[in-house]
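First up is the structure itself, then whatever we jot down about it.
2 protein chains.
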Amino acid sequence: MASEFKLIERFFTRPVPDTVLGVGDDAALLRVNDGMELAVSTDMLVSGTHFFPDTPSFFLGHKALAVNLSDMAAMGAQPRWATLALSLPAVDDDWLEKFSAGLFHLADEHQINLIGGDTTRGPLNLCITIMGEVPEGQALRRSGAQVGDDIWVSGVLGDAAIALAHMQGHINLPRQNFETCSLALHQPAPRVALGLALRGIANSAIDISDGLLADIGHILKSSGVGAEIAFSALPVSSVLQPFLDQPLGRRCVLAGGDDYELCFTAPAIFRSAVEKVAVTLGLRITCIGTITQGNRCEVHAKDGSTVDVGVSGYDHFR
Amino acid sequence: MASEFKLIERFFTRPVPDTVLGVGDDAALLRVNDGMELAVSTDMLVSGTHFFPDTPSFFLGHKALAVNLSDMAAMGAQPRWATLALSLPAVDDDWLEKFSAGLFHLADEHQINLIGGDTTRGPLNLCITIMGEVPEGQALRRSGAQVGDDIWVSGVLGDAAIALAHMQGHINLPRQNFETCSLALHQPAPRVALGLALRGIANSAIDISDGLLADIGHILKSSGVGAEIAFSALPVSSVLQPFLDQPLGRRCVLAGGDDYELCFTAPAIFRSAVEKVAVTLGLRITCIGTITQGNRCEVHAKDGSTVDVGVSGYDHFR
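So the sequences go chain by chain: A and B. If you use the UniProt record's numbering, the first sequence corresponds to residues 1 to 318, in order. If you use the UniProt record's numbering, the second sequence corresponds to residues 1 to 318, in order.
Set out below in structure tokens:
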């Protein structure tokens with residue numbers, strides 16, 4: 001069987017142009033540019049909890065990095081470096097080859113360097129720590145939402161959740177529809193460019209990993225404000241649209257995790273600035289509500305009634 | 001059951017004095033001091049691979065951080081920040097209370113800040129990424145060893161391995177002896193102060209996590225040199241001493257992992273400087289050999305014969 005060191009060399013050692021020292025010493029060395037703060041985040045994906053054990057490893061390589069890039073996006077940070085810690089039941093060259101390809105494909109797209117890591121034997125577990133730069137004082141925090149802010153989300157919501165519902169046998173999607181939605185589940189596109197464009201525009205931001213209501217809830221709690229959401233404004237795909245009058249459809253859009261879109265708030269005077277960003281990036285960005293006084297998040301249907309989904313979002317220990 | 005967010009708040013959220021923004025947003029924000037490089041390393045500990053599932057969690061909290069601090073020590077870096085990703089089969093308040101206590105006890109000793117992390121459900125897995133600072137160009141790398149350098153190690157070697165041999169039933173140590181050695185296994189003392197003191201003295205350094213020969217091997221490969229080691233010079237405890245004429249004892253001292261002592265090389269003219277560091281730190285530091293031309297690592301007994309242990313060190317996939 002390949003040794004731990006050969007494995008790192010073969011699958012995870014690549015040139016690291018913007019780094020003082022990459023993989024292969026006790027630590028990597030890097031230089032943060034003057035006037036920049038370093039943004040740091042870590043996310044761990046566990047087999048059986050975050051993904052089915054038989055998920056193709058190309059998708060896992062992509063997703064392990066994507067969920068971390070999404071955290072950089074939510075801070076308005078430029079992602080630059082990442083470390084990977086990987087626990088594997090056994091060495092499977094084919095699995096590793098594809099995992100590595102999925103990881104580096106996305107890393108190259110965002111020009112980030114894999115600077116270090118750890119490989120060990122154990123139940124399948126993927127842990128990435130990502131580091132990025134943001135000019136001092138310009139990070140998009142959860143705590144900056146102001147009463148009167150518009151609430152925006154990028155992309156569409158709930159596709160990953162409805163793909164999962166199909167895989168779990170709760171619904172049966174036509175094949176073409178499932179394939180469209182499963183892209184959202186397996187290969188989410190982290191909204192890094194959007195995060196960068198929102199510096200100086202957004203008052204607060206978060207990425208939607210636990211579900212819209214749960215993640216908006218974090219903004220509300222951190223900022224000490226409430227929110228009103230127009231259910232009819234929520235952006236959904238044509239696949240999810242027909243399910244919106246069912247509890248499952250409502251749960252997917254309001255509480256479905258794994259979307260990795262950005263939710264952000266911005267003063268109403270920046271409405272046209274946000275719309276311009278949407279055009280520039282070729283990305284759907286939708287105003288879904290308003291920040292209010294208080295601490296409640298209310299979702300209203302067109303007739304003014306309250307939409308209740310019964311569950312606020314994904315929590316690994318609930 | 002406690003929620004993921006309450007769990008983070010209760011057990012892992014502490015003031016972070018030297019950090020712009022700590023736990024609780026999509027990423028932490030930190031500032032690296034001018035003229036400093038950031039040293040980054042990550043280590044993952046897996047239940048059943050790195051520790052017995054019933055290991056007291058205070059020890060696990062200590063050790064998960066200690067092995068990472070040891071990487072900072074080996075680079076001559078001042079550790080400053082860490083993230084923790086934790087996968088748990090279930091929430092056990094008592095387990096978490098003690099894990100957190102073990103972690104923060106060591107974090108406080110080294111004045112480092114836990115700035116972020118992730119908790120999730122899954123097989124027990126502890127992954128820490130550590131970040132530290134080192135003045136530009138002053139990091140202790142594996143690649144700097146020069147022919148003629150003395151080879152030094154701190155502390156004693158093999159106690160962790162012999163404690164493990166006892167726990168696995170290969171030998172039977174008297175209780176007092178086992179307790180002494182198990183301290184090395186469960187609560188290794190990362191040699192951070194030594195690493196800092198060796199800036200400007202050592203040409204190369206590594207921490208001994210996989211066993212002396214394997215880790216010296218990394219220095220030799222990176223530096224393109226060989227080594228001669230005097231077996232009789234290797235520092236061992238009074239517990240391990242009686243086993244040195246047995247294969248098991250030799251394996252413990254030469255190939256036993258989990259020591260987390262530093263192995264470093266320094267020019268012979270710095271011999272008294274190293275000895276002064278030892279006195280200042282109250283730490284045993286022993287010269288065990290010399291860097292040679294070539295690429296082989298030879299261990300000689302007093303009679304000049306070669307000592308062979310048959311295995312060079314710990315590798316998770318061999």
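Glycine included, every Cβ here is placed at the ideal spot set by N, Cα and C. Since we're looking at a predicted model, the values are computed, not measured.
Minimum Cβ-Cβ distance from residue i to chain B less than 8 Å
i	result
A/PRO190	no
A/ILE115	yes
A/GLY289	no
A/THR120	yes
A/MET44	yes
A/GLU37	yes
A/GLN167	Reading off the sequence shown, one finds Met at residue 167 of chain A, where the question assumed Gln. Chain B contact via Cβ: absent.
A/ASN125	yes
A/VAL20	yes
A/SER238	no
Where the alpha helix (DSSP H) through residue i begins and ends
i	result
A/SER204	Here A/SER204 belongs to no alpha helix (DSSP H); instead the beta strand (DSSP E) covers 204-207.
A/ALA64	57-75
A/GLY35	Run containing A/GLY35: none; DSSP gives neither H nor E here.
For residue i, three-class secondary structure by DSSP
i	result
A/GLU261	coil
A/ASP43	strand
B/MET1	At B/MET1, the pLDDT of 43 sits below 50, so the modelled position is not reliable and the matter cannot be decided from this model.
B/ARG80	strand
A/GLU9	helix
A/PHE104	helix
A/SER143	helix
B/PHE52	coil
B/ARG318	Residue placement at B/ARG318 is poorly supported in this model, since its pLDDT is 49, which falls under 50; the coordinates still yield a value, given next. Coil, per DSSP.
A/THR19	coil
Residue i: CB within 7 Å of a non-hydrogen atom of the ligand PLP
i	result
A/ILE288	In the structure shown, the ligand PLP is absent, as is every other ligand, since no ligand is present at all.
Residue span of the beta strand (DSSP E) that contains residue i, given as start and end
i	result
B/GLY117	113-121
A/LEU30	28-30
A/GLU133	125-135
Top-ranked residue by Cα proximity to residue i, from the options
i	options	result
A/PHE11	A/LEU86, A/ASP34, A/PRO174	A/LEU86
A/VAL307	A/GLY257, A/LEU244, A/LEU283, A/GLY122	A/LEU244
A/GLY144	B/ASP25, B/LEU262, B/LEU254	B/ASP25
B/LEU65	B/HIS110, B/THR120, B/ILE269	B/HIS110
B/ILE162	B/GLY282, B/ARG251, B/VAL277	B/ARG251
A/MET72	A/THR280, A/LEU262, A/GLY282	A/LEU262
A/ALA230	A/ALA101, A/ASP94, A/GLU298	A/GLU298
B/GLY195	B/ALA101, B/THR42, B/GLY132, B/LEU213	B/GLY132
A/LEU30	A/LYS6, A/ILE115, A/VAL91, A/SER100	A/ILE115
A/GLU275	A/GLN241, A/ALA202, A/SER70	A/ALA202
A/ALA82	A/THR265, A/LEU124, A/PHE59, A/ASP43	A/ASP43
A/ASP108	A/HIS166, A/GLY61, A/ILE288, A/LEU164	A/GLY61
A/THR286	A/TRP152, A/THR120, A/GLY304, A/ARG175	A/TRP152
B/ALA139	B/PRO79, B/ASN177, B/CYS127	B/PRO79
A/PHE59	A/LEU164, A/LEU185, A/LEU7	A/LEU185
Cutoff 8 Å: residue i Cβ touching any chain A Cβ
i	result
B/ALA107	no
B/ASP150	no
B/CYS297	no
B/SER87	yes
B/ASP54	no
B/THR13	no
B/THR49	yes
B/ARG142	yes
B/ALA74	yes
B/ALA160	no
B/ASN203	no
B/LEU30	yes
B/ASP245	no
B/LEU212	no
Short CB-CB distance (under 8 Å) between residue i and chain D
i	result
A/THR265	The question asks about chain D, but that chain is absent: this structure's protein chains are A and B.
Mind listing, in chain order, the continuous beta strand (DSSP E) runs of no fewer than 3 residues lying wholly within the UniProt domain "PurM-like C-terminal" (146-300) of chain A? 150-154, 204-207, 226-230, 262-266, 285-292, 297-300
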